[in-house]
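Going by the numbering used here, the sequence shown opens with residue 463, and the numbers climb by one from there. C-beta atoms are modelled at their ideal positions from N, C-alpha and C, and glycine is treated no differently.
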Amino acid sequence: MTWAIVADSSCNLRGWKPSAPDTTFTSVPLTIHVGGEEFVDDEQLDVSELNRKVAESSESSSSSCPSVGVWAEEFRRADNVIAITISANLSGSYEAASTARNIVLDEYTREHAGIISGKNIYILNSRATGGKMELIVDLLDRYLSHHTPTFEEVVEYLERLDAYSTVLFSLSSYDNLVKSGRMPRLAGSIASKLNIRMLGTASAEGTIKIVGPTRGEKKTYRKTVECMAQDGFHGGLVYIDHVDNERAALELKNAIQESWPQAEVKILPCGGLCSYYAEESGLIIGYEWA
């Protein structure tokens, strides 16, 4: 039996290869629209150029999710498919993937005389983006590498991962979040005027919830570590995504490992979609706590 792990490009794994046997990983791209131009969020995207165009454009910009057809094409590639999407409250990606699942399973049923066993597709609404998605993909691959589970056991494991992991956002610019309705306009306006770096998290519904302001980088790292401890983090896997801010990501990694020396911390640059929303110097931190 073959396995496919498919995520939309709000997961910042680029060129990543799974270690589990008979398993593939694919990123399906979202698209960012800026001033009449389209930027496809794949491995060929020049993220710096995208960010420059967004900053220079006086027109409103937006993003669009992968099409149903793109999701369906990936779902046909393996016997067992696990798809992971950005929060359904931030994008239509989950809805498009769900429609594609229905199409592909219907095709399979008709081709196999009404018998659906042998083809399985599960779609996880991550209720987050960035680091949490990468964490789930990575840990799922490790699980498949060390076990020979049934599809139902994989789904059960995946749902546990989702329940016991989350994401933090450390942002200094909020224009695109406010313009797209992902952040309250008043909160974004006040934070921008006061030049405040804001720490946020994902709500249970998958929207952005403000934790509080932080002044100065060291206070930001300390507040992040405090939030992780309050969530019950005890030294597992962490992903830190950054928008052209590797220095801060490394300093945050050091702060995390000072508190939990056994923590495994991985650092990635943001792709197009996460760069678009996190904006200049933004950090997205995904971690598990059980």
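(1) Could you check the C-alpha separation between I598 and E536 for me, to the nearest Å?
(2) Unbroken beta strand (DSSP E) runs of length 3 or more, entirely within the segment 518-542: which are they?
(3) Mind reading off the beta-carbon distance from S588 to I546? Whole number of angstroms is fine, and I expect it under 8 Å.
(4) Assign H696 to one of three DSSP states: helix, strand, or coil.
(5) For the segment 670-725, list the beta strand (DSSP E) runs that are entirely contained and at least 3 residues long, ordered along the chain.
(6) Could you tell me how far apart the beta carbons of L623 and L601 are, in whole angstroms, since I believe they sit closer than 8 Å?
(7) Among the candidates Q724, H696 and L730, whose CA atom is the shortest distance from the CA of L712?
(8) In three-state DSSP terms, what is Y749?
(9) Could you pull the DSSP bridge partners for S627 from this structure?
(10) For G593, which residues in the same chain have their Cβ closer than 7 Å to its Cβ, ignoring the five residues on either side in sequence?
(11) Sorted by chain position, which residues of the same chain lie with C-beta nearer than 8 Å to S555's C-beta, five sequence neighbours on each side aside?
(12) Opposite Y584 in the DSSP bridges: which residues?
(13) How about R538 and V566: are their beta carbons less than 8 Å apart?
(14) Hey, would you say T676 sits closer than 8 Å to L699, going by beta carbons?
Reading from the atomic positions:
(1) Each residue's Cα considered, the two are about 19 Å apart.
(2) 524-526
(3) Taking a contact as a CB-CB distance under 8 Å, the pair S588 and I546 counts as one, their CB atoms being some 6 Å apart.
(4) Three-state result, H696: coil.
(5) Fully enclosed beta strand (DSSP E) runs of 3 or longer: 670-676 and 699-704.
(6) 6 Å
(7) L730
(8) strand
(9) E750
(10) V629, Y701, I702, D703, I746, I747 and G748
(11) D470, S472, L492, C527, P528, T547 and I548
(12) I544
(13) yes
(14) no
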